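In our numbering, the protein residues as written are 19 to 93. Positions of the beta carbon are idealized from the N, C-alpha and C atoms, including for glycine. Here the structure is a predicted model, which means the values were calculated and not measured. Below is one structure, written out as structure tokens, with a few remarks after it.
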């Protein structure tokens, strides 16, 4: 897997997670159930990210550090 493909997959994973969270927030009124469902979606996304990271080889350690230090998903 090349760098562009990796980034596309990570971006799609993030998009899918935020869409699922938004949908859960709109459809469920009980905060406990919402939190539980969001936690399950987040856990699944983290597992998928771990799988992607196992498949991808960073070109060097500085790229790996940059990815984990500067990939900010606050929006």
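Are three or more beta carbon pairs between the stretch 59 to 68 and the stretch 31 to 47 nearer than 8 Å?
The stretch 59 to 68 and the stretch 31 to 47 touch, with no fewer than 3 CB-CB distances between them shorter than 8 Å.
Pairwise C-alpha distance: residue 77 and residue 70:
Distance between the alpha carbons of residue 70 and residue 77 is about 15 Å.
Please tell me whether residue 31 and residue 53 are closer than 8 Å, where the distance is taken between their beta carbons.
For residue 31 and residue 53, no; Cβs fall outside 8 Å.
Rounded to whole angstroms, what is the Cα-Cα separation between residue 79 and residue 36?
About 29 Å.
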